[in-house]
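Numbering (our numbering), first residue to last: 108 to 666. The structure appears right after this line, and notes come after that.
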């Protein structure tokens, strides 16, 4: 009589073509289910978009109508910093009639499924156990769908796919596909190219005497130079990049600000912070099992026998850490350090955690190898618990698929602005300003999400706008408000219920602009601002706590 342990070894641990097909199908089914759950969120209403899409997708409305956002520095800037392959993909799709926002919702599940195939075979190369490969893809998919990276459909959404594809082809020593993948990395997420090059360099010396390592390194370098040369020799109208010395003195880079980077707590700064930390921000708890891998190796559990290809994960970890430290050393010339480590670590720990969990399951089932009813009952409970902890992990959470998707129902506001001329400008210091360009195709003067401080040529134009709007919005002097409207060619002014609330203002994004905010609050304490006084008279639309005020009405007003 076969025990549950026998079934596990025959169908889960034994690497046969049939077993590989079974577990790959199961992996794809899990990825597909997560994708379908995401589509329920993405298509929940007419005004839905990923949080990062409000910055990195909105300008693509120009692919649909090239006349949108005329003279808009925000649209021009985000279009200029988008990677070439990312722009080409969305531009080509738009030419074929696929709206950029629709593509951004269709892509993430497709990228997840394709990445699952590569991740499965990568895990099989590291440890030829189908059940390990399956569990590693489940953990990796859970990691991807617990935050916004894959769901955003921005350049970072392509990164995990390009990492596992590169590792798969490198492990199989397929030179041409490996070179193509390096090229795609440069076209979609250039930071990953540096990690790949360091890996290729490491493989020349570790492990020693590796066949064709020099050839792979040479091809990688040639491809990398070809795709990165335009970045290197090109001159951005928005440069130079802010220096480390400058950033340390700027409130914009301090905790709680839009570009928060520096933290007094070294543990947070080096490990957990979203921009400066080594580790990914959100992952399933099951990845903690990876920490047991060194211990289990010492215990010599029967299942834990990595192939020679297992070195590829060590090389990825070293290369990612090296580039993480190099990026810290060259702040901010290589952009943000976390971009070099957080995605790679997800791949490494997914496979390592799967190895540990399956090894422990196998060990437990071996202890229950007799066909006694009570032992098989315990074995069944062990398998059920294993399934719940791995595959059923999302059911243990209060919320899953926290993909940071924006779903707004301010239809009246958006439809009104869509009916206005395309060259209008909306002034606002409210968070709602982040939604306006994507949902209406109309320009805003500033917004919290679009106020990136990395390129001085860009931010030196955005920051004065913010300070001028603050001064005008909270000044009791109508002439100052009217002068700002005239200077910037403002057509509408958008405020929300908290715009004049002295209790909430210190907690809003404007707190990084001090002493200007303190001065504005002091004025507001003494008397209502001109904009606040005229709001009831000049309002054209009021929708769900957001109020759109006519600038023409404000210009016609008199004290």
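The beta-carbon is built from N, C-alpha and C at its ideal position, and this holds for glycine as well. Everything numeric in this text was worked out from a predicted model, so none of it was measured.
Beta carbon of residue i nearer than 7 Å to that of residue j
i           : j           : result
residue 300 : residue 331 : yes
residue 336 : residue 324 : no
residue 654 : residue 602 : yes
residue 164 : residue 122 : no
residue 418 : residue 161 : no
residue 157 : residue 512 : yes
residue 271 : residue 138 : no
residue 189 : residue 294 : no
residue 449 : residue 401 : no
residue 374 : residue 438 : no
residue 232 : residue 371 : no
residue 246 : residue 460 : yes
residue 226 : residue 199 : no
residue 503 : residue 252 : no
residue 521 : residue 552 : no
Whole-Å CB distance - residue i paired with residue j, under 8 Å assumed
i           : j           : result
residue 580 : residue 636 : 6 Å
residue 167 : residue 207 : 4 Å
residue 573 : residue 549 : Residue 573 to residue 549, Cβ: 19 Å. No contact.
residue 524 : residue 547 : 4 Å
residue 236 : residue 561 : So it is not a contact: roughly 44 Å between Cβ atoms.
residue 589 : residue 662 : 6 Å
residue 260 : residue 297 : 18 Å between Cβ atoms; not a contact.
residue 155 : residue 516 : Actually they are not in contact, since the Cβ atoms of residue 155 and residue 516 sit about 10 Å apart, beyond 8 Å.
residue 497 : residue 464 : 6 Å
residue 426 : residue 329 : Incorrect: roughly 19 Å between the Cβ atoms, too far for contact.
Euclidean distance between Cα positions of residue i and residue j
i           : j           : result
residue 412 : residue 111 : 22 Å
residue 631 : residue 657 : 21 Å
residue 277 : residue 285 : 6 Å
residue 409 : residue 466 : 8 Å
residue 555 : residue 615 : 10 Å
residue 483 : residue 492 : 14 Å
residue 113 : residue 229 : 26 Å
residue 647 : residue 591 : 20 Å
residue 185 : residue 354 : 21 Å
residue 395 : residue 453 : 11 Å
residue 364 : residue 458 : 36 Å
residue 281 : residue 129 : 26 Å
residue 600 : residue 619 : 22 Å
residue 141 : residue 224 : 15 Å
residue 315 : residue 334 : 29 Å
residue 120 : residue 242 : 12 Å
residue 309 : residue 377 : 24 Å
residue 468 : residue 262 : 38 Å
residue 183 : residue 557 : 12 Å
residue 538 : residue 407 : 55 Å
residue 289 : residue 273 : 7 Å
residue 393 : residue 429 : 26 Å
residue 611 : residue 621 : 15 Å
residue 358 : residue 420 : 39 Å
residue 643 : residue 193 : 45 Å
residue 269 : residue 287 : 10 Å
residue 368 : residue 627 : 26 Å
residue 623 : residue 500 : 48 Å
residue 187 : residue 339 : 14 Å
residue 526 : residue 650 : 16 Å
Boundaries of the alpha helix (DSSP H) in which residue i is found, first to last residue
i           : result
residue 593 : 585–595
residue 514 : It is not in any alpha helix (DSSP H) - residue 514 instead sits in the beta strand (DSSP E) that spans 512–514.
residue 626 : 623–633
residue 261 : Here residue 261 belongs to no alpha helix (DSSP H), and DSSP marks it neither H nor E.
residue 614 : Segment: none, residue 614 is in no alpha helix (DSSP H) and carries neither H nor E.
residue 570 : 563–581
residue 136 : 124–149
residue 558 : That residue, residue 558, is in no alpha helix (DSSP H); it is neither H nor E in DSSP.
residue 226 : 207–233
residue 195 : 191–202
residue 394 : Counting along the chain, residue 394 falls outside any alpha helix (DSSP H), and DSSP gives it neither H nor E.
residue 247 : 237–252
is_contact[residue i, chain C] using C-beta, thresh 7 Å
i           : result
residue 599 : Any reference to chain C falls outside this structure, which holds one protein chain only.
Residue range of the beta strand (DSSP E) that includes residue i
i           : result
residue 650 : 646–650
residue 653 : 653–657
residue 691 : Summary: the structure shown does not reach residue 691, with the chain confined to residues 108 through 666, and so no result is reported for it.
residue 606 : Careful: residue 606 lies outside any beta strand (DSSP E) and carries neither H nor E.
residue 517 : Run containing residue 517: none; DSSP gives neither H nor E here.
residue 155 : 155–157
residue 279 : Where residue 279 is concerned, there is no enclosing beta strand (DSSP E), given that its DSSP letter is neither H nor E.
residue 535 : 532–535
Next on the checklist: I want to know whether the segment 247–265 touches the segment 165–176 - three or more CB-CB distances under 8 Å.
Outcome noted: no
Checklist entry - Taking contact to mean at least 3 C-beta pairs separated by less than 8 Å, is the segment 197–204 in contact with the segment 574–593? => result no
Item to check | the segment 438–447 touching the segment 369–387, judged by at least three CB pairs closer than 8 Å | outcome: yes
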